[in-house]
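A.B. asks:
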Amino acid sequence: MPIAKVDDINLCYKVRGDGPPLIMITGFASAQNTLFQLALAFSKHYRVVTMDNRGVGGSDKPPGPYSISMMANDTIGLMDFLGIDKAHLMGGSMGGMVAQQIAIEYPQKVDNLILFSTSADERWLIDLAETIAPNWNLSQSELASTDLRKLIVAIASRTSNRRFTRLVLVALATLQARFGTLTGLAGQIEAMMTYNVLDRLHLIQAPTLVLAGSKDRLIAPHSSEVLASRIPSAKLVIVNGGSHVVAGEMGGRFKKEVLNFLSSDSSKSI
Numbered sequence: 724m725p726i727a728k729v730d731d732i733n734l735c736y737k738v739r740g741d742g743p744p745l746i747m748i749t750g751f752a753s754a755q756n757t758l759f760q761l762a763l764a765f766s767k768h769y770r771v772v773t774m775d776n777r778g779v780g781g782s783d784k785p786p787g788p789y790s791i792s793m794m795a796n797d798t799i800g801l802m803d804f805l806g807i808d809k810a811h812l813m814g815g816s817m818g819g820m821v822a823q824q825i826a827i828e829y830p831q832k833v834d835n836l837i838l839f840s841t842s843a844d845e846r847w848l849i850d851l852a853e854t855i856a857p858n859w860n861l862s863q864s865e866l867a868s869t870d871l872r873k874l875i876v877a878i879a880s881r882t883s884n885r886r887f888t889r890l891v892l893v894a895l896a897t898l899q900a901r902f903g904t905l906t907g908l909a910g911q912i913e914a915m916m917t918y919n920v921l922d923r924l925h926l927i928q929a930p931t932l933v934l935a936g937s938k939d940r941l942i943a944p945h946s947s948e949v950l951a952s953r954i955p956s957a958k959l960v961i962v963n964g965g966s967h968v969v970a971g972e973m974g975g976r977f978k979k980e981v982l983n984f985l986s987s988d989s990s991k992s993i
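Okay, so the sequence shown: first residue is 724 according to the numbering used here, each after it adds one.
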């Protein structure tokens, strides 16, 4: 895959299709290949851009600290590299946080905003960390400890509600936590743990669609309800039975909701 030099970091990216640009931003520990099926589907209508966030995949994995604002700037840098002045923006989980940050800091860059399985603050992750490591703190030494490995596995175990998928994800996360390089993942966790834009959501100007699965065990759908209530005129869709990875496990419904939103008059006039 091609590499873009953005400031001090190399970002691995992929462009598919023609049409209005659609930037898809991945979640925690996820390389862009996890979005392959969605990117392929949306590329029939849009010029779809995916990337590996700093810390994962083929992009650089510098030591932390990372921040959501830093990853938002990475995305803007890639847009500039590709000559994209304005785009539809889609982000799930951590990627949804990055998308929110872009919509707040760079409103002129965002056409429509799609957020799914995400949150505007860090409370969900801190609560999860405290269940496995009481008195968790945010120091780099703590993030590099055994507790970080436990947290990575705990996140994986709550991502899907399908038994087989959950077992596979936990097995992969366990291998990554035990044998992989954790620098980038530690940086991404630190970024999520220090993220809170609850009091800035009203600054989002782009028409916004917020989606969540009703059975999301990682980031509860209440977080999406909060997002939709604070972003001006946002549309909220709760997918009955959907897990944290609702975009993948219920791809048909997800794609329908997104395409309807992007093509609707309401998304152009909110």
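Virtual Cβ for every residue (Gly too), placed ideally from N, Cα, C.
Fair warning: this is a prediction, and the values are worked out from it, not measured in the lab.
Going by DSSP in three states, residue 843 sits in which element: helix, strand or coil?
C.D. replies: The answer is coil: DSSP assigns residue 843 none of H, G, I, E or B.
A.B. asks: Compute the Euclidean distance between the alpha carbons of residue 913 and residue 790, then round it to the nearest angstrom.
C.D. replies: Computed Cα separation, rounded: 7 Å.
A.B. asks: Between the region 936-945 and the region 836-850, do three or more beta carbon pairs fall short of 8 Å?
C.D. replies: Short answer: they touch.
A.B. asks: Can you check DSSP and say which residues form a bridge with residue 815?
C.D. replies: The partner list for residue 815 (beta bridge, DSSP) reads 839.
A.B. asks: CB-CB under 7 Å to residue 993, same chain, minus the five flanking residues each way: which ones, in chain order?
C.D. replies: Caution applies to residue 993, whose pLDDT of 43 falls short of 50 and renders its modelled position unreliable; the value that the coordinates give is listed next. Once the five neighbours on either side are set aside, the close Cβ partners of residue 993 are 930, 956.
A.B. asks: Identify which residue in 871, 889, 776 has its Cα closest to the Cα of residue 879.
C.D. replies: Out of 871, 889, 776, 889 has the C-alpha closest to the C-alpha of residue 879.
A.B. asks: CA-CA distance, residue 908 and residue 876?
C.D. replies: Cα-Cα distance, rounded: 12 Å.
A.B. asks: Per DSSP, which one or two residues make a beta bridge with residue 983?
C.D. replies: None, per the DSSP bridge assignment.
A.B. asks: Please state if the CB of residue 934 and the CB of residue 968 are separated by a distance shorter than 8 Å.
C.D. replies: Not closer than 8 Å, so no.
A.B. asks: So, using beta-carbon positions, are residue 748 and residue 798 closer together than 8 Å?
C.D. replies: Yes, they are a contact pair.
A.B. asks: To the nearest angstrom, report how far apart residue 829 and residue 781 are at their CA atoms.
C.D. replies: When rounded, the distance between both Cα atoms is 26 Å.
A.B. asks: Can you have a look at residue 831 and say buried or exposed, based on whether 16 or more other CB atoms are within 10 angstroms of its CB?
C.D. replies: Exposed: under 16 other Cβ atoms inside 10 Å.
A.B. asks: Measuring only the C-alpha atoms, how far is residue 739 from residue 756?
C.D. replies: About 13 Å.
A.B. asks: Have a look at residue 754 and residue 735 and give me their C-alpha separation to the nearest angstrom.
C.D. replies: When rounded, the distance between both Cα atoms is 9 Å.
A.B. asks: Quick check on the burial criterion: 16 or more other C-beta atoms within 10 angstroms. Buried or exposed for residue 964?
C.D. replies: With fewer than 16 Cβ atoms within 10 Å of its Cβ, residue 964 is classed as exposed.
A.B. asks: Mark residue 989 as exposed unless 16 or more other C-beta atoms lie within 10 angstroms of its C-beta, in which case mark it buried.
C.D. replies: Here residue 989 scores only 48 on pLDDT, less than 50, and its place in the model should not be relied on; the value that follows carries that caveat. Flag for residue 989 reads exposed.
A.B. asks: Using CA atoms only, rank isn't needed, just tell me which of 811, 971, 730, 856 is closest to residue 871.
C.D. replies: Ranking the options by Cα distance to residue 871, first place goes to 856.
A.B. asks: Spatial neighbours of residue 973 within its chain, please: C-beta separation below 7 Å, excluding the five flanking residues on both sides.
C.D. replies: So the list reads 962, 965, once near-sequence residues are dropped.
A.B. asks: Which word fits residue 742, buried or exposed, when buried means at least 16 other C-beta atoms lie within 10 angstroms of its C-beta?
C.D. replies: Exposed, since its Cβ has fewer than 16 Cβ neighbours within 10 Å.
A.B. asks: Just reading off the alpha helix (DSSP H) that residue 796 is part of, what are its end residues?
C.D. replies: First-last of the alpha helix (DSSP H) with residue 796: 791-804.
A.B. asks: Pull up the distance between the alpha-carbon of residue 926 and that of residue 891, whole angstroms please.
C.D. replies: Those two C-alpha atoms are separated by around 40 Å.
A.B. asks: DSSP three-state label for residue 897, please.
C.D. replies: Residue state, collapsed to three classes: helix.
A.B. asks: What residue range is occupied by the uninterrupted beta strand (DSSP E) comprising residue 745?
C.D. replies: Counting along the chain, the beta strand (DSSP E) containing residue 745 begins and ends at 744-748.
A.B. asks: Can you check whether the CB of residue 733 is closer than 8 Å to the CB of residue 783?
C.D. replies: Closer than 8 Å, so yes.
A.B. asks: Is residue 817 near residue 751, with beta carbons less than 8 Å apart?
C.D. replies: Closer than 8 Å, so yes.
A.B. asks: Starting from the Cα of residue 836, find the closest Cα among 977, 731, 746 and give me that residue.
C.D. replies: Among 977, 731, 746, the Cα nearest to that of residue 836 is on 746.
A.B. asks: Just tell me which of 812, 903, 915, 729 has its CA closest to the CA of residue 850.
C.D. replies: Minimum Cα distance to residue 850 is reached at 915.
A.B. asks: Which value, in whole angstroms, describes the spacing of the CA atoms of residue 971 and residue 899?
C.D. replies: Using only the alpha carbons, I get a separation of about 22 Å.
A.B. asks: Distance check for residue 987 and residue 904, CA to CA, integer angstroms please.
C.D. replies: Each residue's alpha carbon lies about 44 Å from the other.
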